[in-house]
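Q: Protein chains in written order, with this note's numbering: chain Y, 3 to 210; chain U, 3 to 210; chain B, 3 to 210; chain L, 3 to 210.
Where is the CB? At the ideal position from N, CA and C, for every residue including glycine.
Here the structure is a predicted model, which means the values were calculated and not measured.
Protein chains: 4
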Amino acid sequence: MAGPASRKSESRAPGRPRSERARTAILIATNELLDSRGLAALSVDVIATRAGVSKATIYRWWPTKAAVVMDAFLAHTSPRMPFPDTGSTREDLRRQIKSVIRLFNQAGTGRSLVALIAESQHDPVLAQAFRERFIAARREAAREVLVRGRERGELRPDLDVDIAIDALYGPLYYRLLVSGDPLRQRYPDQLLDQLYPALAAVDQPDAR
Amino acid sequence: MAGPASRKSESRAPGRPRSERARTAILIATNELLDSRGLAALSVDVIATRAGVSKATIYRWWPTKAAVVMDAFLAHTSPRMPFPDTGSTREDLRRQIKSVIRLFNQAGTGRSLVALIAESQHDPVLAQAFRERFIAARREAAREVLVRGRERGELRPDLDVDIAIDALYGPLYYRLLVSGDPLRQRYPDQLLDQLYPALAAVDQPDAR
Amino acid sequence: MAGPASRKSESRAPGRPRSERARTAILIATNELLDSRGLAALSVDVIATRAGVSKATIYRWWPTKAAVVMDAFLAHTSPRMPFPDTGSTREDLRRQIKSVIRLFNQAGTGRSLVALIAESQHDPVLAQAFRERFIAARREAAREVLVRGRERGELRPDLDVDIAIDALYGPLYYRLLVSGDPLRQRYPDQLLDQLYPALAAVDQPDAR
Amino acid sequence: MAGPASRKSESRAPGRPRSERARTAILIATNELLDSRGLAALSVDVIATRAGVSKATIYRWWPTKAAVVMDAFLAHTSPRMPFPDTGSTREDLRRQIKSVIRLFNQAGTGRSLVALIAESQHDPVLAQAFRERFIAARREAAREVLVRGRERGELRPDLDVDIAIDALYGPLYYRLLVSGDPLRQRYPDQLLDQLYPALAAVDQPDAR
DNA sequence: TACTAAGCGAGACGGTACGTCAGGTCTTTCG
DNA sequence: CGAAAGACCTGACGTACCGTCTCGCTTAGTA
Numbered sequence: 003m004a005g006p007a008s009r010k011s012e013s014r015a016p017g018r019p020r021s022e023r024a025r026t027a028i029l030i031a032t033n034e035l036l037d038s039r040g041l042a043a044l045s046v047d048v049i050a051t052r053a054g055v056s057k058a059t060i061y062r063w064w065p066t067k068a069a070v071v072m073d074a075f076l077a078h079t080s081p082r083m084p085f086p087d088t089g090s091t092r093e094d095l096r097r098q099i100k101s102v103i104r105l106f107n108q109a110g111t112g113r114s115l116v117a118l119i120a121e122s123q124h125d126p127v128l129a130q131a132f133r134e135r136f137i138a139a140r141r142e143a144a145r146e147v148l149v150r151g152r153e154r155g156e157l158r159p160d161l162d163v164d165i166a167i168d169a170l171y172g173p174l175y176y177r178l179l180v181s182g183d184p185l186r187q188r189y190p191d192q193l194l195d196q197l198y199p200a201l202a203a204v205d206q207p208d209a210r
Numbered sequence: 003m004a005g006p007a008s009r010k011s012e013s014r015a016p017g018r019p020r021s022e023r024a025r026t027a028i029l030i031a032t033n034e035l036l037d038s039r040g041l042a043a044l045s046v047d048v049i050a051t052r053a054g055v056s057k058a059t060i061y062r063w064w065p066t067k068a069a070v071v072m073d074a075f076l077a078h079t080s081p082r083m084p085f086p087d088t089g090s091t092r093e094d095l096r097r098q099i100k101s102v103i104r105l106f107n108q109a110g111t112g113r114s115l116v117a118l119i120a121e122s123q124h125d126p127v128l129a130q131a132f133r134e135r136f137i138a139a140r141r142e143a144a145r146e147v148l149v150r151g152r153e154r155g156e157l158r159p160d161l162d163v164d165i166a167i168d169a170l171y172g173p174l175y176y177r178l179l180v181s182g183d184p185l186r187q188r189y190p191d192q193l194l195d196q197l198y199p200a201l202a203a204v205d206q207p208d209a210r
Numbered sequence: 003m004a005g006p007a008s009r010k011s012e013s014r015a016p017g018r019p020r021s022e023r024a025r026t027a028i029l030i031a032t033n034e035l036l037d038s039r040g041l042a043a044l045s046v047d048v049i050a051t052r053a054g055v056s057k058a059t060i061y062r063w064w065p066t067k068a069a070v071v072m073d074a075f076l077a078h079t080s081p082r083m084p085f086p087d088t089g090s091t092r093e094d095l096r097r098q099i100k101s102v103i104r105l106f107n108q109a110g111t112g113r114s115l116v117a118l119i120a121e122s123q124h125d126p127v128l129a130q131a132f133r134e135r136f137i138a139a140r141r142e143a144a145r146e147v148l149v150r151g152r153e154r155g156e157l158r159p160d161l162d163v164d165i166a167i168d169a170l171y172g173p174l175y176y177r178l179l180v181s182g183d184p185l186r187q188r189y190p191d192q193l194l195d196q197l198y199p200a201l202a203a204v205d206q207p208d209a210r
Numbered sequence: 003m004a005g006p007a008s009r010k011s012e013s014r015a016p017g018r019p020r021s022e023r024a025r026t027a028i029l030i031a032t033n034e035l036l037d038s039r040g041l042a043a044l045s046v047d048v049i050a051t052r053a054g055v056s057k058a059t060i061y062r063w064w065p066t067k068a069a070v071v072m073d074a075f076l077a078h079t080s081p082r083m084p085f086p087d088t089g090s091t092r093e094d095l096r097r098q099i100k101s102v103i104r105l106f107n108q109a110g111t112g113r114s115l116v117a118l119i120a121e122s123q124h125d126p127v128l129a130q131a132f133r134e135r136f137i138a139a140r141r142e143a144a145r146e147v148l149v150r151g152r153e154r155g156e157l158r159p160d161l162d163v164d165i166a167i168d169a170l171y172g173p174l175y176y177r178l179l180v181s182g183d184p185l186r187q188r189y190p191d192q193l194l195d196q197l198y199p200a201l202a203a204v205d206q207p208d209a210r
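#1: What are the residues that DSSP puts in a beta bridge with Y:A202?
#2: Threshold first: 4 residues or longer. Then list the alpha helix (DSSP H) segments lying entirely within the segment 21-89 of chain U, N to C.
#3: Where does B:Q130 sit, in a helix, a strand or coil, going by DSSP?
#4: Could you spell out the range, first to last residue, of the alpha helix (DSSP H) harbouring L:E106?
#5: Could you round the C-beta distance between U:V71 and U:A117 to whole angstroms and report it? I think they count as a contact, below 8 Å.
#6: The alpha helix (DSSP H) with L:I137 in it runs from where to where?
#7: When Cβ atoms are compared, which residues of the segment 150-170 of chain B fall closer than 7 Å to chain L?
#8: Counting along the chain, where does the alpha helix (DSSP H) carrying U:Y176 start and finish?
#9: If you draw a straight line from the C-alpha of L:Q192 to the C-alpha of L:P199, how long is it?
#10: CB-CB under 7 Å to L:L145, same chain, minus the five flanking residues each way: which ones, in chain order?
#11: Could you tell me whether the segment 133-149 of chain Y touches the segment 142-159 of chain U, where touching means 3 or more Cβ pairs closer than 8 Å?
#12: Got a sec? Which residues, its chain only, sit under 8 Å from U:L197 by beta carbon, not counting five neighbours each side?
#13: Does any residue of chain Y bring its CB to less than 8 Å from the CB of U:R133?
#14: Within this structure, are the beta carbons of B:L95 and B:L194 separated by less than 8 Å?
#15: Can you tell me the Cα-Cα spacing of Y:R62 and Y:S122, whole angstroms?
#16: Considering only C-alpha positions, which residue in the set Y:D73, Y:A77 and Y:V102 is nearest to Y:F85?
#17: Apart from the five residues just before and just after Y:V149, which ones in its own chain have a Cβ nearer than 6 Å to its Cβ?
#18: Could you tell me whether the Cβ of L:S45 comes closer than 8 Å to any Cβ of chain B?
#19: Just the C-alpha distance for B:E34 and U:F106, rounded to the nearest angstrom, thanks.
#20: In whole angstroms, give me the CA-to-CA distance for Y:R188 and U:I165.
#21: Using beta carbons (cut-off 8 Å, strictly below), is B:Q98 in contact with chain L?
#22: Could you check how far apart the C-beta atoms of L:G172 and L:T91 are, in whole angstroms? I think they sit under 8 Å.
#23: Can you name, in chain order, every residue of its own chain whose Cβ lies under 6 Å from the Cβ of L:P190, other than the five neighbours on each side?
#24: Check whether the Cβ of U:G112 lies closer than 8 Å to any Cβ atom in chain Y.
#25: On the premise that B:L36 lies in contact with B:R110, defined as a C-beta separation below 8 Å, what is that separation, rounded to the nearest angstrom?
#26: When the cut-off is 8 Å and only beta carbons count, does Y:R145 lie next to chain U?
#27: Could you say which of L:R52, L:A131 and L:P159 lies nearest to L:A69 if we only look at CA atoms?
#28: Can you tell me whether Y:R145 is helix, strand or coil according to DSSP?
#29: Would a check of beta-carbon distances place B:R177 closer than 8 Å to chain L?
#30: Against U:I137, what residues of chain Y qualify as contacts under a CB-to-CB distance less than 7 Å, listed in chain order?
#31: Quick one: what's got a C-beta closer than 7 Å to B:V46's C-beta in the same chain, skipping five residues either side?
#32: Throw me the rounded Cβ distance for the U:L115 and U:A74 pair, which I believe falls under 8 Å.
#33: Comparing alpha-carbon positions, which option in U:P65, U:R135 and U:T26 lies nearest U:G54?
#34: Would you say U:D208 faces chain Y, with C-beta separation under 8 Å as the test?
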């Protein structure tokens with residue numbers, strides 16, 4: 003984006019620039035602490051100390067501890083979610099579900115995620131940010147697969163994409179947050195065995 | 003522990019008996035506060051004040067604020083969940099889903115529920131209690147319907163009941179906790195339109 | 003003293019009584035810290051730690067760090083100010099002045115006093131308390147001596163007592179707070195040598 | 003700005019501020035803030051903002067907020083203290099005392115003064131500066147009057163000038179800082195009525 | 001009728017973390 | 001090259017709840 007010639011006038015704001023060092027130190031410290039000690043040991047003071055940073059600096063840039071956790075979470079989560087088009091919609095979905103489960107089961111990430119969702123329940127600002135910055139992207143990726151499948155005739159033409167996404171992702175979050183049942187490797191297949199027929203076009207050979 | 007006939011004539015322990023008045027006042031106050039102010043304003047101090055009760059009395063009977071919330075939640079939730087057998091499995095499911103949505107959308111209950119789940123994320127004891135005292139009952143009710151349907155031949159013989167429950171309930175909790183999308187009256191039908199075919203026996207007339 | 007019938011069995015206020023242990027620990031810690039480290043090292047946190055007390059306990063009973071300092075100051079200052087009637091007004095005054103100087107020069111007390119006066123300059127509540135609880139008592143003691151002297155005919159009949167007190171005490175505070183000049187043992191005599199004639203009745207032998 | 007040879011030989015100080023504009027802006031802002039809002043609203047940040055100046059610029063030239071206040075104070079105080087020789091020592095003293103009281107009662111100046119003295123109590127550097135740059139000058143002026151009076155035979159030959167100054171100024175600072183009693187127009191006369199006889203030569207007609 | 005045991009409201013206690021603020025120092029960019 | 005802008009660290013502030021702990025009182029069953 004920022005092409006080399008684009009900064010001809012590029013008059014940066016005056017004053018000491020924000021310290022990138024501090025920013026990353028905070029995010030790293032947050033992730034490390036979440037991994038090692040869990041959410042309980044995550045006070046702003048502790049993050050600040052561990053990051054070698056002042057508490058005020060944290061509050062300058064994040065309104066809330068949860069906001070820090072979210073950025074930390076996204077920082078090491080966002081980039082790693084490739085969704086290749088395998089040709090088979092069912093396989094595409096299987097891979098997506100599998101990657102979500104992998105994410106949930108990763109020590110640090112799972113805890114962060116759970117913490118963020120828990121916090122969201124009494125922090126509307128965080129809730130919105132979480133939805134816009136994490137959930138929306140996930141749904142969009144799933145939507146692409148589903149729409150593509152529908153266009154290809156693999157999925158039923160009257161498929162309600164949003165409901166379908168609820169049906170595919172909902173069970174995962176339900177296990178993570180509510181029932182506490184484990185999400186194993188084979189769960190994607192079990193789930194799709196039960197659900198895919200409902201999504202597939204009637205004449206699909208693998209519909210059932 | 004509790005010998006069966008050991009205290010038939012109920013020789014009460016000595017000392018002043020537990021005040022029923024205090025107990026109900028606490029549960030009512032908790033529900034009222036959740037209704038009116040939400041989870042944020044729910045400190046033990048505030049509950050105690052509102053209930054006209056000492057903080058110590060609360061801690062004498064509940065280990066945790068969340069435990070109080072759970073009892074308060076169950077106190078006005080438990081009794082109202084009848085699941086009649088309508089003859090049609092799909093209709094039975096529709097009614098169950100509908101009643102869950104009604105519960106979620108009720109001001110006080112929805113918030114309590116959300117609060118309990120949020121708290122459960124960092125309180126394993128609460129999590130277990132919540133699952134045993136609320137979730138398990140729900141799943142059991144749903145299981146009955148599904149097993150009955152399978153036995154009747156309305157549902158596919160290889161139906162995995164647990165996965166099916168995940169698929170039916172998961173989306174509801176997902177909307178409540180994660181996506182924040184509203185759960186409207188017609189959602190049960192929308193959901194079943196998408197999912198029921200996957201559950202139904204292949205020769206069922208209403209499978210699709 | 004307290005009400006005529008003194009209220010039967012003296013029913014105390016409900017609730018856990020204030021901890022005398024905590025109260026004294028706080029005052030002692032405050033005085034010790036003032037003595038040893040001076041006003042600079044006197045944060046509420048430090049007092050709390052040293053006293054083995056919670057910060058909240060301090061704030062429960064004192065609105066301000068300075069208020070604590072005042073109580074600590076009065077706690078070990080108040081009781082020790084006897085002003086015997088020596089028969090000679092000049093001698094009475096000399097002793098009073100001497101005792102004030104001794105107070106000023108005592109490590110802990112002097113520093114407390116200075117701190118209190120400094121704080122008073124931007125804390126009207128403290129200022130009033132300081133005047134009522136410390137200054138007023140001093141002035142009253144001095145007033146007694148002066149009025150007695152005037153009645154005895156040792157002091158001029160048209161003596162303005164308030165101005166006289168200003169003239170006797172003012173120089174001491176002036177040295178303490180403003181000029182920084184030392185207040186030595188002989189200062190009371192030097193001061194009275196200069197001032198007493200102005201106060202004395204014209205025919206007094208020691209007027210000049 | 004200032005022409006190179008414009009003032010005498012003008013040996014340029016090494017640390018001289020480039021911007022005279024900044025320096026005066028700071029002093030003016032400080033005085034204005036003291037006048038309008040009092041000492042409480044006087045943070046270095048606020049001064050900097052109001053003066054349109056960087057905080058760093060203030061710290062470059064003054065070690066301490068109090069040092070700024072002192073310069074600001076002197077900047078509009080120093081020049082206005084004329085002490086004419088009226089021929090009568092008592093009248094000279096009366097005028098001096100009156101001018102001090104006027105200074106104390108002036109909104110901005112009084113507050114500055116009080117602030118400086120309060121700050122001096124825990125800042126020895128400031129204390130010394132204050133004494134050297136303000137107090138010493140005052141005492142010197144008073145000393146001149148007293149010495150002149152003694153030489154003229156108006157004052158007692160064994161007058162201890164330093165003690166006398168304490169006795170004349172002390173009460174004023176005492177009222178300002180300690181007792182809080184008001185310093186009215188007639189106070190100089192009241193004070194001198196009580197004190198002057200002690201200073202005057204025995205045969206002076208106005209000694210009593 | 002006493003005595004004993006426990007529950008009760010009130011409210012102070014030691015703690016932990018919060019989010020804010022002022023003081024000083026530093027690192028940029030601009031004039 | 002000095003000065004503005006402003007980010008930074010430090011450290012104290014005062015507040016809010018937490019869960020525990022006395023108190024003195026009340027309410028039973030037991031002696």
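A: Taking the definition as stated:
#1: Y:L157
#2: 22-39, 46-53, 57-63 and 67-77
#3: helix
#4: The residue asked about is misnamed: residue 106 of chain L is Phe in this sequence, not Glu. T91 to N107 is the extent of the alpha helix (DSSP H) around L:F106.
#5: 6 Å
#6: Unbroken run through L:I137: none, as it is neither H nor E.
#7: D162, I165, A166, D168 and A169
#8: It is not in any alpha helix (DSSP H) - U:Y176 carries neither H nor E in the DSSP assignment.
#9: 12 Å
#10: First, the residue type needs correcting, since residue 145 of chain L is Arg and not Leu in the sequence shown. V163 and I167, listed in sequence order.
#11: no
#12: A169 and L170
#13: yes
#14: With contacts defined as CB atoms closer than 8 Å, B:L95 and B:L194 qualify as a contacting pair.
#15: One C-alpha to the other measures close to 21 Å.
#16: When only C-alpha atoms are compared, the closest one is Y:V102.
#17: Result list for Y:V149: empty, nothing under 6 Å.
#18: no
#19: 60 Å
#20: 12 Å
#21: No - not a single Cβ of chain L is within 8 Å of the one on B:Q98.
#22: That pair is no contact at about 19 Å.
#23: R96, I99 and K100
#24: Not closer than 8 Å to any Cβ of chain Y, the Cβ of U:G112 fails to qualify, so no.
#25: The amino acid at residue 110 of chain B is misidentified as Arg; the sequence shows Gly. Yes, B:G110 and B:L36 are in contact; Cβ-Cβ is about 5 Å, under 8 Å.
#26: no
#27: L:A131
#28: helix
#29: yes
#30: V180 and S181
#31: K57, I60 and K67
#32: At roughly 11 Å, the Cβ-Cβ gap does not stay under 8 Å, so U:L115 and U:A74 are not in contact.
#33: U:T26
#34: Residue placement at U:D208 cannot be trusted, given a pLDDT of 49 that sits under 50; the coordinates are not used to answer.
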